[in-house]
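Taking it in order: structure first as structure tokens, then the write-up.
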Amino acid sequence: MAPARIQTGSIIWAKVTDPLTQAELEPHAAIVLNPQHEIDAGSDLDVYVCTTSFRNRQPGWFDVPTKPGGHEMTGLDQACVVKATWHNVVPQAKVLRISGRAPSRLFKQLQNWLADKERERFRKQRTPPSS
Amino acid sequence: MCSLKDLDIQSRAAVALVEEWQTPHTIVRAIWKLEDLIGLLARATAAARDVQREITNRSGTPALDSAAQYNVTSITAYLLEALQRLKQAADGAVHIVEMFDGQGYSIDGSAELRECAAALPEIVADVEAFAEGLEWEELERTAMPSDRIRAVADYLSSTGQASA
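Chains as they are written, first to last, in the numbering used here: chain F, 1 to 131; chain C, 1001 to 1164.
If you want it as structure tokens, here you go:
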């Protein structure tokens, strides 16, 4: 049974926008990234979007467990990946439903990826532009 | 004085007796060992159930501080390792009992062994679910905050790494 409240790592369904065109798309599953205290405070949700389009694998795409009829943990029934290159902000009121929760191992992969990109960003900021 | 012929007969008889003794007794000893093993597995399974209940029964207790959490996480990982080993041993013992059953021998405690082998996956699943809950308790606290997530997202957009 899907949990009633949004938690860190919850898999929610909501309308999302394309990160390049900003076009609004049909509802997608997405993984909530925020710590629980931000969620409980009613903040908008930072999510990484899940999609069934994953040909030509890219860095930052991670498999999400699925099963025909609905995976017991994620609730998802079609093979998909979560794309850590596809960030969206979703107001909690716009969440259509909660289908389940990501496995902690997958969430740790997302956190590690975020931390790596944060370090990359800091390194680039420190590196002076070449003349 | 013993003749060479007598010695020959006696030595053959001794060998025959030893072989006769060895054959049935080897099986008897194997069955004893197997019954000891079943007893050991039954006690270990009961102990595993007790430890699982003791560790996972935290309903209504306050959230653990980080040191206690680390302690419980370590103990849970250790328990899971032991349970996996016990499950492997129980499955192996069931296989041995089936071989003896197939040869017509009756093994005391074989029904109990099968109960243990059936119970262990459930105990493992309960402990795994508990371990997953512990992981989430920590991740809920330590997940990257929104401002840093958005800074990373902006960086990815500005460097052409963002994509659907």
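Note that CB positions come from ideal geometry on N, CA and C, so glycine has one too.
is_contact[residue i, chain F] using C-beta, thresh 7 angstroms
i, result
"M1144 of chain C", "yes"
"Y1186 of chain C", "Any answer about residue 1186 of chain C is impossible in this case: the structure gives chain C only from 1001 up to 1164."
"V1127 of chain C", "no"
"G1060 of chain C", "Caution is warranted here: a pLDDT of 49 is assigned to G1060 of chain C, below 50, making its placement in the model unreliable, and no coordinate value can be reported."
"L1139 of chain C", "yes"
"I1055 of chain C", "no"
"E1132 of chain C", "yes"
"E982 of chain C", "The displayed coordinates of chain C run from 1001 to 1164. Any statement about residue 982 of chain C would go beyond what the structure contains."
"S1163 of chain C", "yes"
"V1072 of chain C", "no"
"I1149 of chain C", "yes"
Proximity of residue i and residue j at Cβ, strictly below 7 angstroms
i, j, result
"T74 of chain F", "I11 of chain F", "yes"
"V95 of chain F", "V47 of chain F", "no"
"I1107 of chain C", "L1037 of chain C", "no"
"N88 of chain F", "V16 of chain F", "yes"
"V49 of chain F", "A30 of chain F", "yes"
"K117 of chain F", "V1152 of chain C", "yes"
"A1117 of chain C", "A1082 of chain C", "no"
"I1123 of chain C", "R1053 of chain C", "no"
"Q109 of chain F", "F62 of chain F", "yes"
"L114 of chain F", "M1144 of chain C", "yes"
Environment of residue i [buried if 16+ CB atoms lie within 10 Å]
i, result
"R132 of chain F", "With chain F covering only 1 through 131, there is no way to say anything about residue 132 of chain F."
"S104 of chain F", "buried"
"H37 of chain F", "exposed"
"F107 of chain F", "buried"
"T51 of chain F", "buried"
"W1136 of chain C", "buried"
"I1149 of chain C", "buried"
"S1074 of chain C", "exposed"
is_contact[residue i, chain C] using C-beta, thresh 7 angstroms
i, result
"D18 of chain F", "yes"
"N34 of chain F", "yes"
"R121 of chain F", "yes"
"S99 of chain F", "no"
"F54 of chain F", "no"
"K15 of chain F", "no"
"K117 of chain F", "yes"
"H28 of chain F", "no"
Contact belief for residue i with residue j at Cβ below 8 angstroms, rounded distance in angstroms
i, j, result
"A1044 of chain C", "L1086 of chain C", "5 angstroms"
"A1164 of chain C", "L20 of chain F", "7 angstroms"
"P65 of chain F", "R1141 of chain C", "So it is not a contact: roughly 24 angstroms between Cβ atoms."
"G69 of chain F", "V32 of chain F", "Not a contact, Cβ separation roughly 24 angstroms."
"T85 of chain F", "Q1161 of chain C", "6 angstroms"
"T1076 of chain C", "L1134 of chain C", "6 angstroms"
"V1127 of chain C", "L1080 of chain C", "5 angstroms"
"I1031 of chain C", "Y1105 of chain C", "6 angstroms"
"L45 of chain F", "Q92 of chain F", "6 angstroms"
"S43 of chain F", "S1158 of chain C", "Wrong, their Cβ atoms sit about 24 angstroms apart, outside the cutoff."
Residue-level contact to chain A via CB, residue i, 7 angstroms cutoff
i, result
"S104 of chain F", "Of the protein chains in this structure, namely F and C, none is chain A."
Under 8 angstroms, with one C-beta from each stretch per pair, do the stretch 77-84 of chain F and the stretch 1107-1118 of chain C reach the 3-pair mark? Because the criterion of three Cβ pairs below 8 angstroms is not met, the stretch 77-84 of chain F and the stretch 1107-1118 of chain C do not touch.
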